[in-house]
Amino acid sequence: MAGNSIDYLREYGSLSFAEVPFCDADALILAQLSYLRFDGLVPGPGRRRQNGWGLYPEGRRRRGGWSFRGGWSCRENVRSRKGPAAERPTLRQVGERMDPERFFDRWYERQNRELWDMVSKSPRFLDVECGCYRSRLDEKEETQFAAIVFFPKGCEPVAVFRGTDDSLVGWKEDFNLSFQNPVPAQRMSAAYLNQAGSGFRGPFSVCGHSKGGNLAIYASVCANAGIRRRIRTVYSLDGPGFLPKALPEGPYEEMKGRIRRILPASSIIGMLLQNPGPYETVRSRAAGVMQHDSFSWEIENGRFVLAKDVEERQRRRNDVLNRWIFSLPEEERELFVDALFGIVRKTGAATLTGFAENWGKNLRICLKEIRGMDQETGKRMRRILRELIGIYRSAAGQERKAERNRDGKDRISH
Numbered sequence: 134m135a136g137n138s139i140d141y142l143r144e145y146g147s148l149s150f151a152e153v154p155f156c157d158a159d160a161l162i163l164a165q166l167s168y169l170r171f172d173g174l175v176p177g178p179g180r181r182r183q184n185g186w187g188l189y190p191e192g193r194r195r196r197g198g199w200s201f202r203g204g205w206s207c208r209e210n211v212r213s214r215k216g217p218a219a220e221r222p223t224l225r226q227v228g229e230r231m232d233p234e235r236f237f238d239r240w241y242e243r244q245n246r247e248l249w250d251m252v253s254k255s256p257r258f259l260d261v262e263c264g265c266y267r268s269r270l271d272e273k274e275e276t277q278f279a280a281i282v283f284f285p286k287g288c289e290p291v292a293v294f295r296g297t298d299d300s301l302v303g304w305k306e307d308f309n310l311s312f313q314n315p316v317p318a319q320r321m322s323a324a325y326l327n328q329a330g331s332g333f334r335g336p337f338s339v340c341g342h343s344k345g346g347n348l349a350i351y352a353s354v355c356a357n358a359g360i361r362r363r364i365r366t367v368y369s370l371d372g373p374g375f376l377p378k379a380l381p382e383g384p385y386e387e388m389k390g391r392i393r394r395i396l397p398a399s400s401i402i403g404m405l406l407q408n409p410g411p412y413e414t415v416r417s418r419a420a421g422v423m424q425h426d427s428f429s430w431e432i433e434n435g436r437f438v439l440a441k442d443v444e445e446r447q448r449r450r451n452d453v454l455n456r457w458i459f460s461l462p463e464e465e466r467e468l469f470v471d472a473l474f475g476i477v478r479k480t481g482a483a484t485l486t487g488f489a490e491n492w493g494k495n496l497r498i499c500l501k502e503i504r505g506m507d508q509e510t511g512k513r514m515r516r517i518l519r520e521l522i523g524i525y526r527s528a529a530g531q532e533r534k535a536e537r538n539r540d541g542k543d544r545i546s547h
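Heads up, the sequence shown is in my numbering, so the first residue is 134 and it goes up one at a time.
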């Protein structure tokens, strides 16, 4: 009987990777684990140091974290309160040191706590080693990025890119994908994969959910040739697409046979922008946009339970959205996104959950900001929205006409 990733752990969590080889469900679980806050628990990629702190990137120590050459800045290599981190700690050791109040992002918090509870009881995952952790959140640069490499015992390593978290900065960067090429997280992903991949030998896989799926493809295609040759499989789990010419043609042609795009049947995120190559459709227990939640995806015997295709009605809606995005000049896409998030920032919220907790108050602030918008910007925003409504109405009219034609044919055939 089909279940989800939690049910898979209940059934297979006691079995080693030698007994049950690495499968779809394992890739999905590792992608979800990347949303956890490994800061101070897992060292980053770089030189080996002989002081018991494990692997450090080159850089200089500063209060509260590290400053990295090339613009990196994060808190990934801070000594744990419960002792220094191992060079490549296992998930068991991470569980012994982590602070439950800081380890979980508020995005999918309940599900991630349940997942971690199952992982912490699972012999299959307890000895999985963790390394090469990097995390960055930069409001000025408008980027949210994190990545980690997991080393399952007896299996090839898996480099995993985190998807969008609860931060409004992360969501702003997602919207920036509609006009900016590349966004900072994409540049970082390629640099990260080159550095992390050079720290171990042999083949490995790359994975990510949501924006992490986009980064997994981008990094794999844009990595150095030597790194690309070692990549076995790239999993993009409902990851959004790209602007035209975002991926270099030659390297993409080399990689495309190793890319697996997995989308739920009502996918919205995974159908945004241009999505080259085939995809597989997984059944979900959720409805509509909530199918983006990978905990709703159905799994049986470690494999995704596949549907025939993305639902036809959802495909039409996605086509409307993409036609609208690409009908707008790049300058207007940027104007729309910057104005939208500029309004939201006026509420003072830094996260989606923070915005939602004071929904009524924040909505009033947003409406006030819209009314106070300068005349030219307001005029352009209204025109951009009218274009979306016009495209949608046109598509809806064509759909109704097609349905009437089908009904007429059915009546004639009878």
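By construction, the Cβ of each residue, glycine as well, lies at the ideal position given by its N, Cα and C atoms.
Is it buried or exposed, residue i, if we count other Cβ atoms within 10 angstroms and call 16 or more buried?
i: residue 143; result: exposed
i: residue 394; result: buried
i: residue 522; result: exposed
i: residue 197; result: Caution applies to residue 197, whose pLDDT of 34 falls short of 50 and renders its modelled position unreliable; the value that the coordinates give is listed next. Its Cβ having fewer than 16 others within 10 Å, residue 197 is exposed.
i: residue 297; result: buried
i: residue 441; result: exposed
i: residue 503; result: exposed
i: residue 178; result: buried
i: residue 500; result: exposed
i: residue 443; result: buried
i: residue 242; result: exposed
For the beta strand (DSSP E) containing residue i, list its first residue and its last residue.
i: residue 266; result: 262-271
i: residue 364; result: 364-370
i: residue 283; result: 276-284
i: residue 292; result: 291-294
i: residue 413; result: 413-415
i: residue 397; result: 392-397
i: residue 312; result: First-last for residue 312: undefined, no H or E at that position.
Check for me: the alpha helix (DSSP H) holding residue i runs from which residue to which?
i: residue 498; result: 492-504
i: residue 242; result: 242-252
i: residue 151; result: First-last for residue 151: undefined, no H or E at that position.
i: residue 374; result: That residue, residue 374, is in no alpha helix (DSSP H); it is neither H nor E in DSSP.
Which residue from the options puts its Cα closest to that of residue i?
i: residue 163; options: 341, 406, 326; result: 341
i: residue 437; options: 414, 449, 425; result: 414
i: residue 410; options: 374, 401, 441; result: 374
i: residue 294; options: 305, 262, 258, 338; result: 338
i: residue 159; options: 481, 501, 289, 328; result: 289
i: residue 346; options: 402, 309, 145, 531; result: 402
i: residue 336; options: 356, 360, 228, 320; result: 360
i: residue 326; options: 285, 369, 266, 275; result: 266
i: residue 376; options: 150, 312, 292, 491; result: 312
i: residue 332; options: 283, 348, 349; result: 283
What's the C-alpha gap between residue i and residue j?
i: residue 182; j: residue 264; result: Any reading at residue 182 is ruled out, since the residue's pLDDT is 38, under 50, leaving its predicted position unreliable.
i: residue 534; j: residue 408; result: 28 Å
i: residue 450; j: residue 456; result: 10 Å
i: residue 431; j: residue 512; result: 45 Å
i: residue 488; j: residue 391; result: 39 Å
i: residue 356; j: residue 277; result: 20 Å
i: residue 529; j: residue 453; result: 9 Å
i: residue 388; j: residue 406; result: 20 Å
i: residue 228; j: residue 134; result: 31 Å
i: residue 137; j: residue 248; result: 11 Å
i: residue 369; j: residue 151; result: 25 Å
If I'm right that residue i touches residue j with Cβ under 8 Å, what's the distance once you round it to whole angstroms?
i: residue 316; j: residue 272; result: Their Cβ separation, rounded to whole angstroms, is 14 Å, which puts residue 316 and residue 272 out of contact at 8 Å.
i: residue 371; j: residue 400; result: 6 Å
i: residue 225; j: residue 260; result: 7 Å
i: residue 148; j: residue 269; result: The pair is not a contact, with the Cβ atoms about 36 Å apart (cut-off 8 Å).
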